[in-house]
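Data first, discussion second: the structure below is written as structure tokens.
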Amino acid sequence: MIEPIIVVTNNPMCREKLADKYKIDFINGTTVDVLERVRDYIHGKHILLTHPLVSGIKPNEIPYRTIIITKRVGNTVDIKSLNYIERGILTTEKFLKNHGISHWSKKILDDFSLIDYDLVKYNL
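Numbered as in the numbering used here, the sequence shown ends at 124 without a single skipped number.
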């Protein structure tokens with residue numbers, strides 16, 4: 001990334017591996033909590049830099065979500081960013097309502113943590 005960023009995540013691996021280079025807003029909560037925090041930032045005139053639903057993994061299957069936004073604020077709310085995050089929230093909530101939350105073993109959770117981290121580190 002060329003400009004300063006904020007990494008919003010509920011993934012402990014991302015917090016651990018990225019904290020020395022980037023501002024981390026660690027959310028001790030669900031993927032929906034992460035998406036809603038990002039929406040709050042967008043309302044505060046930050047801009048979304050990564051898609052909120054990156055990967056082919058269904059939103060109810062992976063318990064981690066990491067999203068990158070600008071550290072600087074703009075002059076107005078970025079409508080494109082707001083639309084992306086709102087659709088991401090609606091899609092995630094729909095999957096959770098229709099399919100429930102998947103329950104995984106510690107090993108699989110560790111794998112999902114690594115997948116989420118890998119998806120983000122290639123955008124940095």
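We treat Cβ as the ideally placed atom computed from N, Cα and C, and that holds for glycine.
Legend entry - C-alpha gap between Met13 and Val34, whole angstroms: 15 Å
Legend entry - One or two residues paired with Phe26 in a DSSP bridge: Thr9
Inset, instruction - Using alpha carbons as the reference points, say which of Ile101, Leu48 and Gly44 lies closest to Asn75. - result: Gly44
Inset, instruction - Apply the 10 Å Cβ neighbour rule to Asn28 and answer buried if 16 or more other Cβ atoms are within range, or exposed otherwise. - result: exposed
Inset, instruction - Can you check DSSP and say which residues form a bridge with Leu48? - result: Ile69
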